[in-house]
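All remarks here apply to the structure that follows.
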Amino acid sequence: DQQAFDVLRSTLEGWMEAGGTAQAAARRSIAQAVGNAWRSSHMGSLFNVRGLVLESVDLALLEDLPDLPGHYEAISRITLDNITATDQQMSRFLQRFSRVTRLDILGPGLSHVPQGLSALPRLSELSFEDTGLIIDQAAMDVFMSLPELSMLDISGNTLGELTHTAGLHARRLYMANMQL
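In this note's numbering, the protein residues as written are 104 to 283.
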């Protein structure tokens, strides 16, 4: 495991340096978060159950994040707090973490539920808390495409028009502060 971590660390260090001085602090923060998440996933410890946490990040900074599939697959939980991303950027980011079981997207930064969620076949817990999204049929279709989804939290968003929800697999659905 130490050798694998050394590969991850040296690869991310090269990525940090390639970003130049304007992006240095943000890239350093992202690289540290990825390293911490990977390390905690291998320690078998309950010390850091938060997984990968990125706060106030523009996912455009991650466009050239190196591909390290064996390393990213070890991360099973991601929290994105006040991130900014297009649907394409979010989809590319999520595709790197194919074994994620829990994803929390908190605060504004998205214009709609990203289609890239369907690339996460093991996703069982999903939160879009206070994202300011309209949860409409297009969003519900994405949620219904997740076969393992058992918990969905869409609290703090706006409920739009829904015509079909029978395919939603979630056993727990949270919808607080939605002006219902």
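Glycine included, every Cβ here is placed at the ideal spot set by N, Cα and C.
Q) At what residue ranges does the region 202-233 contain a whole run of the beta strand (DSSP E), taking only runs of 3 or more? A) 205-209, 228-230
What first and last residue would you give for the beta strand (DSSP E) that runs through threonine 182?
180-184
* What first and last residue would you give for the beta strand (DSSP E) that runs through arginine 275? -> 275-277
Segment contact flag, the region 120-127 with the region 179-195, C-beta cutoff 8 Å, min 3 pairs
no
Assigned exposure category for arginine 199 - 16 Cβ within 10 Å defines buried: Under the 10 Å beta carbon count, arginine 199 is surrounded by 16 or more other beta carbons and is classified as buried.
Quiz item: Would you report the Cα separation of valine 160 and proline 217, rounded to the nearest angstrom?
Solution: 17 Å
Notebook entry, point to check: Is aspartate 256 helix, strand or coil by DSSP?
Noted result: The DSSP-derived three-state label of aspartate 256 is strand.
| request: Return the chain-ordered list of same chain residues with a C-beta closer than 7 Å to the C-beta of leucine 283, the five sequence neighbours on each side being excluded. | output: Counting only Cβ-Cβ distances below 7 Å, and skipping sequence neighbours, we find Leu262.
(Q) What residue range does the alpha helix (DSSP H) around leucine 197 cover? (A) Element bounds for leucine 197: 190-198.
Q. If you run the structure through DSSP and keep just helix, strand and coil, what is leucine 262?
A. strand
Nearest by alpha-carbon distance to leucine 265: which of Leu162, Thr189, Met243 is it?
Met243
Apply the 10 Å Cβ neighbour rule to histidine 174 and answer buried if 16 or more other Cβ atoms are within range, or exposed otherwise.
Around the beta carbon of histidine 174, 16 or more other beta carbons sit within 10 angstroms, so the residue counts as buried.
Just confirm the distance between the C-beta atoms of leucine 249 and serine 221, as a whole number of angstroms; I'd bet it's less than 8 Å. 7 Å
**Prompt:** alpha helix (DSSP H) containing valine 245: first to last residue?
**Reply:** Counting along the chain, the alpha helix (DSSP H) containing valine 245 begins and ends at 240-247.
Next on the checklist: For threonine 234, which residues in the same chain have their Cβ closer than 8 Å to its Cβ, ignoring the five residues on either side in sequence?
Outcome noted: Ile208, Leu209, Gly210, Pro211, Gly212, Leu213, Gly259, Asn260
ask   = Could you give the residue range of the alpha helix (DSSP H) that holds valine 110?
value = 105-121
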